Amino acid sequence: GENVEQHPSTLSVQEGDSAVIKCTYSDSASNYFPWYKQELGKRPQLIIDIRSNVGEKKDQRIAVTLNKTAKHFSLHITETQPEDSAVYFCAASIMRFQKLVFGTGTRLLVSP
Amino acid sequence: DVKVTQSSRYLVKRTGEKVFLECVQDMDHENMFWYRQDPGLGLRLIYFSYDVKMKEKGDIPEGYSVSREKKERFSLILESASTNQTSMYLCASIGGTENTEAFFGQGTRLTVV
Chain A
-16 GENVEQHPST LSVQEGDSAV IKCTYSDSAS NYFPWYKQEL GKRPQLIIDI RSNVGEKKDQ
44 RIAVTLNKTA KHFSLHITET QPEDSAVYFC AASIMRFQKL VFGTGTRLLV SP
Chain B
642 DVKVTQSSRY LVKRTGEKVF LECVQDMDHE NMFWYRQDPG LGLRLIYFSY DVKMKEKGDI
702 PEGYSVSREK KERFSLILES ASTNQTSMYL CASIGGTENT EAFFGQGTRL TVV
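Sequences listed follow chains A and B, in order. Reminder that position 60 of the first sequence reads as 43 in our numbering, one-by-one numbering, no gaps. Just add 641 to the spot in the second sequence (first one is 1) and you have our numbering.
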């Protein structure tokens, strides 16, 4: 089955810096790659996603890139703010089956 | 707004007890999932269901079972709770094949003593 690895496990940046979180997946059939943000004590929420027919997607300060050949995808946050502090999870799935396999999470801390 | 509601926010049970965790969604979603969240291990899939009375094992089904008698309700059952099942449990639902966003419940923090 699918296996998703996520790095780093923790990431500390200064406000205004950029943050990059990387994931790799194992199943070449996976075609959907979402990112979820979980603030302390709250439920995970989708922040951005990308499908396998697209190499990059951007939404304001966040962007996701996908390299299907290498089975890598990454989350990029620019101009980080303290409210970006949270745990971020990447995931992979085969859209037809809807089954999401998550990475182990990255705790991002943005210091003012 | 999609609502996924879990029956308890916090639960304390004794070793050997049978435990029921309930999840209800109000958006007529076909797909429902139970995940377990542990520090450093992320979200691990226990069981999922594509339709009423259907269930599939996830990555860590041992010690758990599920029930889906109605489309809106997906229950996770710990037949005989053990201390290593102390964890945060998250339920999620996803609509049909054209929809991809998972909506999560608020989580149930289960402690087995």
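Beta carbons: idealized from backbone N, C-alpha and C, even for Gly. None of these values were measured; they are calculated from a predicted model.
Suppose the cutoff is 6 Å on Cβ atoms and the five residues either side in sequence are ignored; what does the same chain contact list for residue i look like?
i	result
Ser649/B	Thr749
His59/A	Val3 and Ala46
Asp10/A	Glu(-15)
Ala743/B	Ala733 and Ile735
Val707/B	Tyr688, Lys696 and Leu717
Which class does residue i belong to by DSSP, given the choice of helix, strand or coil?
i	result
Asp0/A	coil
Asn14/A	coil
Gln726/B	helix
Ser67/A	Rather than Ser, the amino acid found at residue 67/A in this sequence is Asp. The answer is helix: DSSP assigns Asp67/A an H, G or I state.
Lys712/B	coil
Ile701/B	coil
Glu671/B	coil
Gly24/A	coil
Phe744/B	strand
Tyr688/B	strand
Arg90/A	strand
Ser734/B	strand
Asn(-14)/A	coil
Gly683/B	strand
Phe72/A	strand
One question on the structure: do residue i and residue j come within less than 8 Å of each other, judged by their Cβ atoms?
i	j	result
Glu(-2)/A	Thr89/A	no
Lys41/A	Ile30/A	no
Ala74/A	Phe85/A	yes
Leu662/B	Ser716/B	yes
Leu719/B	Lys659/B	yes
Tyr691/B	Glu671/B	yes
Starting from the Cα of residue i, find the closest Cα among the options and give me that residue.
i	options	result
Glu39/A	Leu92/A, Pro17/A and Leu23/A	Pro17/A
Tyr651/B	Met729/B, Leu717/B, Phe715/B and Gly683/B	Met729/B
Ala607/B	Gly657/B, Arg655/B, Cys664/B and Val660/B	Given that chain B is displayed from residue 642 to residue 754, the structure contains no residue 607/B and the question cannot be resolved.
Val47/A	Pro27/A, Tyr71/A, Asp10/A and Lys25/A	Tyr71/A
Cys6/A	Ser13/A, Asp0/A and His(-10)/A	His(-10)/A
Val645/B	Thr752/B, Leu751/B, Gly736/B and Val754/B	Gly736/B
Trp675/B	Arg714/B, Thr752/B, Ser721/B and Ser723/B	Arg714/B
Val37/A	Val(-13)/A, Lys25/A and Tyr15/A	Tyr15/A
Ser1/A	Ser57/A, Gln28/A and Arg26/A	Ser57/A
Val93/A	Arg44/A, Ser13/A, Pro65/A and Gln28/A	Pro65/A
Can you name, in chain order, every residue of its own chain whose Cβ lies under 7 Å from the Cβ of residue i, other than the five neighbours on each side?
i	result
Pro702/B	Ile687 and Tyr688
Asp679/B	Ser728
Gln747/B	Gln647 and Arg650
Lys51/A	Ser35
Gln28/A	Tyr19 and Lys20
Gly699/B	Leu686, Ile687, Tyr688 and Phe689
Excluding the 5 residues flanking residue i on each side, which residues of the same chain have their C-beta closer than 8 Å to its C-beta?
i	result
Ser(-8)/A	Thr87, Gly88, Thr89 and Arg90
Val754/B	Val653, Lys654, Arg655, Thr656 and Thr724
With a threshold of 7 Å, establish whether the CB of residue i neighbours any heavy atom of the ligand GDP.
i	result
Gly38/A	The model on display carries no ligand, and the ligand GDP is accordingly not part of it.
TODO: Output, in sequence order along the chain, the residues in the stretch 671 to 693 of chain B whose CB is closer than 9 Å to any CB in chain A.
DONE: Glu671, Asn672, Phe674, Tyr676, Gln678, Pro680, Gly681, Leu682, Gly683, Leu684, Arg685, Leu686, Phe689 and Tyr691
TODO: Residues of the stretch 734 to 750 of chain B with a CB closer than 8 Å to any CB of chain A: list them in chain order, please.
DONE: Ile735, Thr738, Thr741, Glu742, Ala743, Phe745, Gly746, Gln747 and Gly748
Open item on the list: Residues of the stretch 25 to 59 of chain A in Cβ contact with chain B at a cutoff of 7 Å, in chain order, please.
Closed with: Arg26, Pro27, Leu29 and Asp32
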